[in-house]
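2 protein chains.
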Amino acid sequence: MEIKEKVKIPGLDTSVKTLVILDRKDANALGVNPLDRVVLSKGRKKITCVVDVDDGTLVDSGEIVISNEVVKVLNVKEGDAVDVSRRGELISKKYIRKKIDGGVLNYKEYYEIVKDIVQRNLNDLELTSFIISMYIRGMAIQESANLSMAMVNVGDKLSFGKRVVDKHSIGGIPGDKTTILVVPIMTSLGYTMPKTSSRAITDPAGTADREEVMFNVDLKLNKIKKIVKKTGGCMTWGGSLTLSPADDLIINIERPLRIDSVLLPSILSKKKAVGSKYVVIDIPTGPEAKVKSIREAAELYSKFKRIGWKMGMDIVGASTFAYQPLGHAIGPALEAREALENLMNPSTPDLVAKATGLSAMLISHIEHIPFKKARERAMDALISGRAYKKFVEIARAQGAKVLDPKKIAVGAHKKDIAVRASGYVNYISNRTIVTVAKIAGAPFDKGAGVYIHKKLGDRVSRGDTLMTVYSNSASRLDEAVSSSSGAFKIGRKPKLPKDVLLKRFAR
Amino acid sequence: MEIKEKVKIPGLDTSVKTLVILDRKDANALGVNPLDRVVLSKGRKKITCVVDVDDGTLVDSGEIVISNEVVKVLNVKEGDAVDVSRRGELISKKYIRKKIDGGVLNYKEYYEIVKDIVQRNLNDLELTSFIISMYIRGMAIQESANLSMAMVNVGDKLSFGKRVVDKHSIGGIPGDKTTILVVPIMTSLGYTMPKTSSRAITDPAGTADREEVMFNVDLKLNKIKKIVKKTGGCMTWGGSLTLSPADDLIINIERPLRIDSVLLPSILSKKKAVGSKYVVIDIPTGPEAKVKSIREAAELYSKFKRIGWKMGMDIVGASTFAYQPLGHAIGPALEAREALENLMNPSTPDLVAKATGLSAMLISHIEHIPFKKARERAMDALISGRAYKKFVEIARAQGAKVLDPKKIAVGAHKKDIAVRASGYVNYISNRTIVTVAKIAGAPFDKGAGVYIHKKLGDRVSRGDTLMTVYSNSASRLDEAVSSSSGAFKIGRKPKLPKDVLLKRFAR
């Protein structure tokens, strides 16, 4: 059953992006009810749309109102004729229901769901139910691998040979700009590192948010291929790519809900899709990080290792110290500046130690050499300036915007926060600092954020500046500053946590 | 922080009903990001809206685009000034997260969530996560009572004294038009029965869908009060009422997802809100019903009983025979016709037995008389015509449309389905019949549905009509008919299920 309708275009920008409104008579003729789906076609172009039904106020029989998204996809204008037919039930909805009800899904079932996510056949309610059920029900190793491979196979795939390396931090430490150092270190040493990153979900800045301050991160797949072939690496945003395209659609729902339900498949599918063979997983560990203990980190690492293995990837990993922000800067522009400064002149101890340490884990594993020796190679790449040179080469290939740290624009408004009593910095609340940076406007306001002047163990005197808050909104700045109490704990005597900076896990 | 903006009204009918679009500069000044909420106010009118941010293509600084819903609530016109301020975080989002994470919520926490559902502060993603987490995590008795009372107290409440009775079927049997007989039976016997019903969720017809064929069911609260005071009862749709108003908002999300997560609170809050004291719960039981065994029905009844008790209601209940549709008719108009015919002349055995049986359970419990005697009273009310007289009185008070069964319009197209081999009807698939009726267009197409000519145990000869399918859409009719195989199983020898028509549970 198919009917012809004349399109009407009132300029609808709806949240259900692909909405059509049918006259009730036509809806009955097609046999569709509100919330059913119809397929509109014009020549070879097709799109699935959500139906709303009207009783003669908006459309007459023979007419169909279409939203702007539909106009764009079908490339039609007012009065054009389109074919409209009813779409059958999606099999993927059954599989989502199976997951909700506690079932275990196989590869084919995940493939159907992921395909329908990417083709926008599933609406936000269906996608949300899937995400929440994944979050609550969880997934075993094989199931995670099934979902991960489904996410990979629904999208495009890249391939750059055997020595393709990658890195991922599971997050939870503010100010982690390590990737911006690791990519040039590894590529300057001859490895291939096609690094795609995401934007912030629950943090004040994701790696793509930081990088975007300095160069373009929103690149097409062909451009990425060219850049990686030429320079050996790239630093791009994974979201607009057709590599594991379901990932960002899922994140779009997860972000406002503050849910992180497909953590491992989301990460590993992106790595697999760019053709990575060796991946280092960074698991920040601390009282306010996502992962609280080295034991918990080891368990998580083991899952990465096992799922990755089923996907044909070789994974190493470490628990890293997350009792305080990494370096001093939190927020896209502030962090970009700090990363750049350290590429030019490695000077922030924890940042340099972490970047060279993670790089060395990959090198040591691939080359079968001791970690210590591998670390020397990474450090040498950084100190010699070869990594910086490589960074500039990649950044230029990606259309560099600002590569002078002094010219990176930070928030127009700023306020210093001073310490009230003298003593030692014994605790820094990552969570409070994240809240302050987010209230200040990060990551959407790129100049917003926090600069930490004192770190764990530092001696402070009454009146010293502990941190400076930046924002481009005066009102947000005020609110952020007033939310900053509890960010630092000052004690009379120094008291440092015993955890190590980098705890490598045995393979 | 509050800024003044001039409204622009392009005629946006968005799915996120209360959407505003701000210029990026203004958004930064307010300190809001996309998906944040702002409060718009004009005089004493206020509304919470979802923010989208634009870079100068749709709005300039000082302007705000508002969707039609916002226009309506604030009663503004193009160019009017409104005050815009940022809204703080909702505490209810924390409680939803607590439920997702497996926590148990108290009354206050549910109250916050329900209040924010009703005030439209929670968006569809948040509401979906709440519903799915309730479905997966479940609720203990006290928690269900907490949610139920929160649902009651967020809305309006009615009160009609002590002898207020109610009835609810948990559904799962097609063609259940019992309520249309029970209300007039009970009210003709002097009880008060302010019955509100819902529209179909997963069935071809809900009681409100059936009733709407004969009289108006969409009444205002004041009108209901008047009608109940005058006639002793009513038969209305609960959805547009402000009685437990969260219920239908939740159902709007549940329906497309085919999830039924707040079954008991949804039912009991509606009963409590109309002031019901005695409630009979009908639990249809059969191989294709929601409830498969009498044991399972007894467990469900026990939950109703205990939650109801905590809410100050006295509940009786029964498992009822659901191995085949009730009566012959499935679909709003067909069912209305059958109910009406039985009020005028009680002739459909299972329908009459069920309606008088459920009525008798209430009577026996309230009056402390034996069930058998109570049933005689109910039967007498029906056979004497007093119940029919009462029905007409209530229907007229509700603006009767059609009260002559012959004048009830059923689907314009129909098709008979004949039996291929002679024998006995040994099985009827409720699920297949529901599917056929829904494909035919029920409940949206009121005339669509199925009429069953043969029931369990009937002897059939090759060529006899088993059922007739009705629809107002020729294409839907064809599709429905082609989905009807497997609706009946015919055997050489008769084979009847042993379950009883009405299994009353001990109090």
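Just so you know, the sequences run in chain order E and G.
So the first sequence is numbered by the working numbering: it starts at 1 and just counts up by one.
So the second sequence is numbered by the working numbering: it starts at 1001 and just counts up by one.
Just so it is clear, CB atoms sit at the ideal spot from N, CA and C, and this is done for glycine as well.
Among residues of its own chain, excluding the 5 on either side of residue i, which ones have a beta-carbon nearer than 6 Å to its beta-carbon?
i: Thr-1128 (chain G); result: Ile-1253
i: Lys-45 (chain E); result: Leu-74
i: Leu-122 (chain E); result: Asp-116
i: Asn-1430 (chain G); result: Pro-1174 and Glu-1288
i: Ala-437 (chain E); result: Pro-204, Ile-330, Gly-331, Gly-449 and Val-450
i: Ser-266 (chain E); result: Asp-247
i: Ala-1200 (chain G); result: Gly-1206, Asp-1209 and Pro-1443
i: Glu-109 (chain E); result: Tyr-95
i: Gly-1286 (chain G); result: Ala-1322 and Tyr-1323
Can you list the residues of chain G that residue i reaches, using a CB-CB cut of under 7 Å?
i: Asp-124 (chain E); result: Asp-1124 and Leu-1125
i: Leu-35 (chain E); result: Pro-1256
i: Glu-479 (chain E); result: Gly-1031
i: Asn-472 (chain E); result: Asn-1028
i: Ser-422 (chain E); result: Under the 7 Å cutoff, chain G gives no residues; its nearest Cβ is about 34 Å from Ser-422 (chain E).
Among the options, whose alpha-carbon lies nearest the alpha-carbon of residue i?
i: Phe-317 (chain E); options: E:Arg-97, E:Ile-9, E:Leu-502 and E:Ile-141; result: A small correction: the amino acid at residue 317 (chain E) is Gly; Phe does not occupy that position in the sequence shown. It is E:Leu-502.
i: Leu-1343 (chain G); options: G:Ser-1461, G:Tyr-1388, G:Thr-1057 and G:Pro-1256; result: G:Tyr-1388
i: Leu-241 (chain E); options: E:Lys-455, E:Met-151 and E:Asp-314; result: E:Met-151
i: Met-186 (chain E); options: E:Val-59, E:Met-379, E:Ala-333 and E:Glu-479; result: E:Met-379
i: Glu-1005 (chain G); options: G:Leu-1334, G:Val-1076, G:Pro-1034 and G:Ser-1347; result: G:Val-1076
i: Asp-1166 (chain G); options: G:Thr-1057, G:Lys-1270 and G:Val-1352; result: G:Lys-1270
i: Pro-1256 (chain G); options: E:Arg-396, E:Gly-423, E:Ser-197 and E:Leu-90; result: E:Leu-90
i: Glu-341 (chain E); options: E:Leu-300, E:Lys-401, E:Met-313 and E:Ile-408; result: E:Ile-408
i: Tyr-1135 (chain G); options: G:Glu-1109, G:Ile-1066, G:Val-1114 and G:Ile-1100; result: G:Ile-1100
i: Lys-1455 (chain G); options: G:Val-1213, G:Pro-1497, G:Ser-1471 and G:Tyr-1470; result: G:Pro-1497
i: Asn-1472 (chain G); options: G:Leu-1334, G:Ile-1281 and G:Lys-1310; result: G:Leu-1334
i: Met-149 (chain E); options: E:Ala-397, E:Lys-17 and E:Gly-308; result: E:Gly-308
i: Lys-1177 (chain G); options: G:Ser-1144, G:Asn-1146, G:Leu-1147 and G:Glu-1211; result: G:Glu-1211
i: Ile-1009 (chain G); options: G:Thr-1465, G:Gly-1079 and G:Ser-1041; result: G:Gly-1079
Excluding sequence positions up to five away, which residues of its chain have a Cβ less than 8 Å from the Cβ of residue i?
i: Val-1038 (chain G); result: Val-1020, Leu-1022, Leu-1030, Val-1032, Thr-1048, Cys-1049, Val-1051, Val-1084, Ser-1085, Arg-1086 and Arg-1087
i: Glu-537 (chain E); result: Not covered by the structure: residue 537 (chain E). The range shown for chain E is 1 to 507.
i: Phe-371 (chain E); result: Ala-360, Met-361, Ser-364 and Arg-504
i: Gly-1486 (chain G); result: Ser-1429 and Thr-1432
i: Asp-1054 (chain G); result: Ile-1021, Leu-1022, Asp-1023, Arg-1024 and Val-1065
i: Met-311 (chain E); result: Ala-145, Ser-148, Met-149, Val-152, Leu-268 and Lys-272
i: Val-118 (chain E); result: Val-154, Gly-155, Pro-245, Ala-246 and Leu-249
If the cut is a Cβ gap below 8 Å, which residues of chain G does residue i touch?
i: Tyr-135 (chain E); result: Ile-1100
i: Thr-128 (chain E); result: Asp-1124, Leu-1125, Thr-1128, Ser-1129 and Ile-1132
i: Gly-441 (chain E); result: Asn-1028, Gly-1031 and Asn-1033
List the DSSP bridge partners of residue i.
i: Tyr-111 (chain E); result: None, per the DSSP bridge assignment.
i: Leu-1019 (chain G); result: G:Val-1050
i: Arg-504 (chain E); result: E:Ala-318
i: Ser-1085 (chain G); result: G:Glu-1002 and G:Val-1039
i: Pro-1194 (chain G); result: G:Cys-1234
i: Glu-1063 (chain G); result: G:Lys-1006
i: Val-1425 (chain G); result: G:Ile-1490
i: His-1413 (chain G); result: G:Ser-1471
i: Asp-282 (chain E); result: E:Ser-169 and E:Ala-318
So with CB distances below 8 Å, who are the chain E contacts of residue i?
i: Ile-1294 (chain G); result: In chain order: nothing, as chain E lies at least about 23 Å away.
i: Asp-1445 (chain G); result: Asn-28
i: Ile-1253 (chain G); result: Leu-125
i: Gly-1486 (chain G); result: Here the premise fails: no neighbours, minimum Cβ distance about 17 Å.
i: Arg-1476 (chain G); result: Asn-28 and Gly-31
Name the chain E residues whose beta carbon is nearer than 9 Å to that of residue i?
i: Arg-1377 (chain G); result: Going along chain E, no residue has its Cβ under 9 Å from Arg-1377 (chain G), so there is no contact; the nearest lies around 42 Å.
Just to confirm my understanding: we take residue i, look at its own chain, exclude 5 residues before and 5 after, and list those with CB closer than 7 Å. What are they?
i: Ile-1224 (chain G); result: Pro-1194, Cys-1234 and Thr-1236
i: Gly-1172 (chain G); result: Pro-1284, Ala-1289, Lys-1290, Val-1291 and Ala-1322
i: Ser-1244 (chain G); result: Met-1151, Val-1152, Gly-1155, Ser-1269, Lys-1270 and Ala-1273
i: Glu-1126 (chain G); result: Lys-1093 and Ile-1096
i: Ile-1439 (chain G); result: Arg-1476, Glu-1479, Ala-1480 and Ser-1483
i: Ala-395 (chain E); result: Met-214, Phe-215 and Leu-403
Any beta carbon from chain A within less than 8 Å of residue i's own beta carbon?
i: Glu-78 (chain E); result: The structure shown contains no chain A; its protein chains are E and G.
The region 1158–1168 of chain G touching the region 1268–1278 of chain G, judged by at least three CB pairs closer than 8 Å: Yes, they touch.
Three or more C-beta pairs below 8 Å linking the region 476–483 of chain E and the region 348–356 of chain E: For the pair of segments examined, the region 476–483 of chain E was found not to touch the region 348–356 of chain E: the number of CB pairs separated by less than 8 Å stays below three.
The region 90–108 of chain E / the region 53–71 of chain E touching (three or more Cβ pairs under 8 Å): No: fewer than three Cβ pairs fall under 8 Å.
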